[in-house]
């Protein structure tokens, strides 16, 4: 494995010491700004002196280059404490350019999605990519690959596999432990993983967990959680000793309901940070990244200094990043210059002492390892494979819920011809096709009111990322399956036997090799095409498709193994 | 080197998980107490469930053993963030028993003194002793052995020597970097030491340092300071990014002047902890250890929860002790039960789930390595070696200042006979004799008004710990030197050519092998004898003797190399 070795920009020590002592000009001095002191929570008028990639002193300094920042504020670069980069559909190299502009200089990413497709090849690809990114890109090693037994993932990462990465300099700990049952059941491989990362940070994932289960989860060594949806849940988890990551993504939006207990002063904030978890690039462009968390928190009434601390110093403490999160001597020169603390529009962003403008001037270098391409391997799908025999009436039907990733189950009468289900205006067919090992596994289901004509398909389907297709007729569905098999993965819409829109996700069937601009254009066209085939305006086509197979969400799910009642854990028949 | 391997008391995982889930009784449950939640600063009515050495859950629990603690408080065991155990004159095994009774369950010790005498043998002795102590005993590796060029220490610990200990499980970082000039001058060996402990904690020692020097000190990677004497100094150091350790020892008392900025709410407290630095066992017995810091802070007006956090959770964070400092699931069962938050009188102390009473029931096991005994090696001292030729008038004279470790310089006429100094009621002779390598180095000086008759001598003399003797006549001085040479070190008082009191410090000439009770008796007798030979009541004989040779304090000093004007760095002649 290639170690992350960025070009060293650290200066000879003697020069730095002399500059810090004021005996020699610093390389760069940001003068007369109001600097956030993360240790005391004060904004103080100071100069910030920088040599190379390091802040060498705060006070009064002279520099070879000087910027007068009178009337401006300096805060530390923002940290996204938990993100799945794959959900942006961008490569790390491209994604990080997008968020850098908005002040994010550090990402703590969990490559759970690509690992479920490519296993260690996926980990290596993401770890290697870090060297080509203009931010600090750290990783948590995915703890739950595969996520469970209800579907077929592309890879298995057991404790022996993860052990190879435990001491990698870019690895901060173990990724979200969704296998909460495994904790309670003392599963040996899971506890081996916990032991590997015992001295580091271990992310949790425990929606609604409380009481003794929560105590047990904490006892096992879990240190964070990003699944809180209410102030009460947050308070109990904080009291149990978990650090909280407040999530605002494209789907899950928890900030408004969690921030209130902080504004009231009912809870201390030192163990709280911000994260996006999953956020699409178009949402980042329109709404923001961590800057959005800060802006919204202050709008809701949070003290500005606290909001900026939750975006920098606090996550640095939670994840043991000793050189990040502060504008102070000895810390890496990652900072954001703002005209207003309230609108959070960066006037300048520095990463390792270099401006975002200069870092983004060069075209991105995007190395793509062959090992993470060509990941769609399906057994030939025949028309008969998509036939759904109906043996009862009514049958279980999936009802997607607008703007949510959970679904509802209903039992309804559906249209049947010669013993087989037939799509109509009300009901459409769902198929999930195992796409890693060409096993031929196909699971079928029925969904209500998702589209009027044609078919839509994707190779993004949490967490196993099999191929999912929803359609009104088998011909279009087969074409969609065929198209994704040919293209190496992505999203596709078929109508009247022709492909009308598509997004190629060449890397693991999850990420595009295109630029953010191109991807945004493709997304816009695809969204329009989704409307054209009748997907309701209030239904996010990407999200509905990609979360429909996820077995850990409640309600009805379709996996490559069949129709699953995730609430009971039983597969159902028709 | 023997690794610290305490007997494992950790239980089988399955049993702990089942107990945490409430499916099985816990070993021990402390019921109905007001438990300090360090994550939120709240006291909450809860049961604390413990299996083996670990807290497994907070909530409602049943246990095989249960204590009803209605009306009581539970707080985490106290942490002394910086202590030189040698200053207690007790072995680590005995010292830790004393402080455990008072609620201290963790010590972060700097074996600077024994290292100056015995080098690596001293480090090994202290590291090995940790396994025989009923507390968590961690070490910072002494950064400044020898402390300077003005005297002769017993050993040199360069970066290569310290490298062997950088990954020892009991080592948390680098000990106080007193060589502040070395930081500014970019001394190579010092920066190698800093690099070795870069990812750990690096203690500072920077009295009155401020401005650009302070920024430079922080830039070099220093993370703490325990030398603040005013609120202003504390505020600047906190703002620079140093964590503060508030010191209350036998000599230096900084709490009252530092606590005010915290009471005013002008500073956040998360980066502040308590330490004793140097505290004699009799002071600990009469006044307390970290319990004294807490009691006094609350008396001065600090919020009780904050005081207890500064004694537990905050130092655990500063030193990266992930399993300590909280009463919460997954943390080590180190806690203190109190009837009152104000008087801080422990009703029960638990360390690793065992009561202090049970831990102290057994007689202490004190292994003494031969390598740290027999450390007094002096060249034969003849009467003529103590003769002090006087060539000028007046001559520089040391004036000790009551209750302080600093001295004043005056120039005075002294009694001279045949060209040599003669003691009288006003002036006495000081001799410092190199005692490590039998080099024959002897430094001589004159002190005013320290004693009326006889001689007093010690092998405790910061930081080189050479033999220091002060006397009214050479005969008694020679006997005192002889006595310490014979006994292997300690303190001795001679009057009329006979030894009238003595404290044997067999280990490195610094620590007694006796029990705390015995040592306290010896100290009381010695203190009385010191009065009998005329040492003024307001002068601490131990402290005056042991700090008189310290070259880093201002004023006149005597080292084995001669009379030093420490303020100018020049040796003086008579």
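Residue numbers (my numbering), protein chains in the order written: chain F, 39 to 612; chain X, 39 to 612.
From the three backbone atoms N, C-alpha and C, an ideal C-beta is built for every residue, glycine too.
- In this structure residue 429 (chain X) touches residue 612 (chain X) by the C-beta definition: roughly 6 angstroms separates them, less than 8 angstroms.
- The beta-carbon separation of residue 371 (chain X) and residue 363 (chain X), rounded to 12 angstroms, does not stay under the 8 angstroms limit for a contact.
- For residue 60 (chain X), the residues of chain F that pass the 7 angstroms Cβ criterion are 250, in the order they occur in the chain.
- The C-alpha of residue 73 (chain F) lies about 12 angstroms from the C-alpha of residue 346 (chain F).
- Inclusion of residue 263 (chain X) and residue 250 (chain X) in the CB contact set at 7 angstroms is not warranted, their separation being larger than that value.
- In this structure, residue 284 (chain F) sits away from residue 258 (chain F), with a CB-CB distance that is not shorter than 7 angstroms.
- For residue 179 (chain X) against residue 130 (chain X), the beta-carbon gap comes to about 16 angstroms, at or over 8 angstroms, which does not count as contact.
- Residue pairing by DSSP places residue 489 (chain F) opposite no residue, since no beta bridge is assigned to it.
- Our two residues, residue 186 (chain X) and residue 427 (chain X), have alpha carbons roughly 27 angstroms apart in a direct line.
- Taking C-beta atoms as the reference points, residue 497 (chain X) and residue 522 (chain X) count as a pair closer than 7 angstroms.
- Contact with chain X is found for residue 78 (chain F), since one of that chain's Cβ atoms lies less than 7 angstroms from the residue's Cβ.
- In this model, residue 340 (chain X) and residue 301 (chain X) are separated by some 5 angstroms (Cα to Cα).
- Here the C-alpha atom of residue 596 (chain F) lies approximately 47 angstroms from the C-alpha atom of residue 376 (chain F).
- Look at the region 326 to 397 of chain F and you find these whole runs of beta strand (DSSP E), each 3 residues long or longer: 373 to 376, 384 to 389.
- Restricting attention to X:113, X:609, X:593, the CA atom closest to the CA of residue 448 (chain X) is found in X:593.
- Any Cβ of chain X closer than 7 angstroms to the Cβ of residue 483 (chain F) would place that residue at the interface, and such an atom is absent.
- If the five residues before and after residue 572 (chain F) are omitted, its C-beta is found closer than 7 angstroms to the C-beta atoms of 489, 490, 491, all from its own chain and listed in chain order.
- For residue 532 (chain F), the uninterrupted beta strand (DSSP E) run begins and ends at 528 to 533, by DSSP.
- Residue-level contact check: residue 348 (chain X) does not touch chain F, since none of the beta carbons of chain F fall below 7 angstroms from its beta carbon.
- Relative to the Cα of residue 524 (chain F), the nearest Cα in the group F:578, F:424, F:411 belongs to F:411.
- Here the alpha carbon of residue 336 (chain X) sits roughly 13 angstroms from the alpha carbon of residue 296 (chain X).
- Cα atoms of residue 122 (chain X) and residue 232 (chain X): separation of roughly 20 angstroms, rounded to the nearest angstrom.
- Taking 7 angstroms as the CB threshold, residue 548 (chain F) stays off the interface with chain X.
- Residue range 150 to 156 is occupied by the alpha helix (DSSP H) that includes residue 152 (chain F).
- By the criterion of a C-beta distance shorter than 6 angstroms, residue 470 (chain X) is surrounded in its chain by 481, 504, 506, 587, 596, 597, 598, once the five residues flanking it on both sides are discounted.
- When 9 angstroms is used as the limit between beta carbons, residue 55 (chain X) is near these residues of chain F: 221, 222, 223, 224, 254, 257, 258, in chain order.
- Contact annotation: the region 131 to 147 of chain X does not touch the region 562 to 581 of chain X, with fewer than three C-beta pairs closer than 8 angstroms.
- Annotation for residue 536 (chain F): the continuous beta strand (DSSP E) segment containing it runs 536 to 542.
- Per DSSP, reduced to three states, the secondary structure at residue 80 (chain X) is strand.
- When Cβ-Cβ separations below 7 angstroms define contact, residue 246 (chain F) makes no contact with chain X.
- Per DSSP, reduced to three states, the secondary structure at residue 439 (chain X) is coil, with no helix or strand assignment.
- Membership of residue 509 (chain X) in the beta strand (DSSP E) is indicated by the continuous run 505 to 509.
- Residue 119 (chain F) has its alpha-carbon roughly 8 angstroms from the corresponding atom of residue 147 (chain F).
- Residue contact check for residue 74 (chain X) against chain F: no CB pair falls below 7 angstroms.
- A direct Cα-to-Cα measurement between residue 413 (chain X) and residue 474 (chain X) gives close to 7 angstroms.
- Residues of the region 266 to 278 of chain X with a Cβ closer than 7 angstroms to any Cβ of chain F, in chain order: 276, 277, 278.
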